[in-house]
Structures are given as C-alpha cells and as structure tokens.
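Report on one structure; see the data block that follows.
In my numbering, the protein residues as written are 1276 to 1437.
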C-alpha cells in the first residue's frame, strides 16, 4: 500500500518560476513523525480540475494520507478546498478547525484559511496553506491527531485515553 503524498498547489512553482520550499518542509515533518513511511510528491497549478484529478488518482492508488499545500486562501485562483470537496466523501472538520485555532494565536490571519480535511475511501486528505511557515505550523497543530485518525480510517478500533 502506498504511504503518504504531499502535493504542492501553485501556479508559479508548477511553471518553474518559483522554487517549492513548502512541499519539502511538509514532507520533512511527516518523515520525522513516520521515519519508515514512503512520502510521494506531486505538484499541480491552481486549477480545480487538475487538483481534483490528482487527488482522485492518489485516493485510487490507496495512499493513506494526502497533504496538499497551497490554494486555501481568498484569492481568485485559490480553489484547493473546492477541488478537495469534489473528491472527498466525508469531511473531517475538526482537523481544519484545529489548524486554524492552533495557528491563530501567533498568526491572526489563520482564520482566513479555507482549508478542509476529509476522507475519500480510506485516504485522509488534509489541505494546508501554501506558505512554508503556515503549512508547517498547521501540520504541527494536527500531527498528534493523525496517528489515531489513520488507525481508525484503516479499520482500527482502539480509543486513546485522554
């Protein structure tokens, strides 16, 4: 079974006009938590159809976790949440709430993030902001929740204490 995937969503990075630092930073954070896990990487422009197509393919390949970075803001090209909602079957709103809440104390504009999280089959998809700092802080806010979430999604039924 494939492991995790990190997808950078950026017109400029996809066009080679800017170096992607966010995707690698997110992948490093995931490797710290899961050193033995395979981390796939992808990149697409801010295009709803391209994003939805790639997310659908990753879910079809049965990745456990797909983390997107970018396209969650208020700009006209920020369509990652819309593309994600086209793919997921069930939302996991608590993860997006935890990211916004966890980051808002140091960055008040975190409340403007439209990031979503949800399930497509047994794949958990989580949207992160496109800035390296925002993505790392958002992922860090939910990292303690992800092992249990992934266990439950894969059929586990243990419940942690506390």
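For each residue, glycine too, the CB sits at the ideal point set by N, CA and C.
CB residue 1359 to CB residue 1345, shorter than 8 Å? no
Taking DSSP's pairing of strands, which residues face residue 1279 in a bridge? 1314 and 1340
DSSP has residue 1392 in a bridge; who is on the other side? 1401
Could you spell out where the alpha helix (DSSP H) holding residue 1326 opens and where it closes? 1323–1335
Could you tell me whether the Cβ of residue 1413 comes closer than 8 Å to any Cβ of chain D? Reference to chain D is not applicable here, since this structure consists of a single protein chain.
Residues bridged to residue 1319 [DSSP beta-bridge criterion]: The partner list for residue 1319 (beta bridge, DSSP) reads 1284.
The alpha helix (DSSP H) enclosing residue 1416, as first and last residue numbers: Residue 1416 -> alpha helix (DSSP H) spans 1407–1417.
Do residue 1314 and residue 1369 count as a contact pair if the criterion is CB distance below 8 Å? Their beta carbons are not under 8 Å apart, which means residue 1369 does not touch residue 1314 by this criterion.
Which residue from 1371, 1320, 1428 and 1397 puts its Cα closest to that of residue 1410? Residue 1410 has its Cα closest to that of 1371, out of 1371, 1320, 1428 and 1397.
Span separating the alpha-carbon of residue 1379 from that of residue 1385: 5 Å
I need the DSSP call for residue 1303, collapsed to helix, strand or coil. helix
Per DSSP, the bridge partner or partners of residue 1269: The requested residue 1269 does not occur in the structure, where the chain is confined to residues 1276 to 1437.
Could you say which of 1305, 1350, 1289 and 1290 lies nearest to residue 1412 if we only look at CA atoms? 1305
For residue 1420, which of 1405, 1395, 1330 and 1401 has the nearest alpha-carbon? 1401
Backbone secondary structure at residue 1351 - three-state DSSP: coil
Three-state secondary structure (DSSP) at residue 1428? helix
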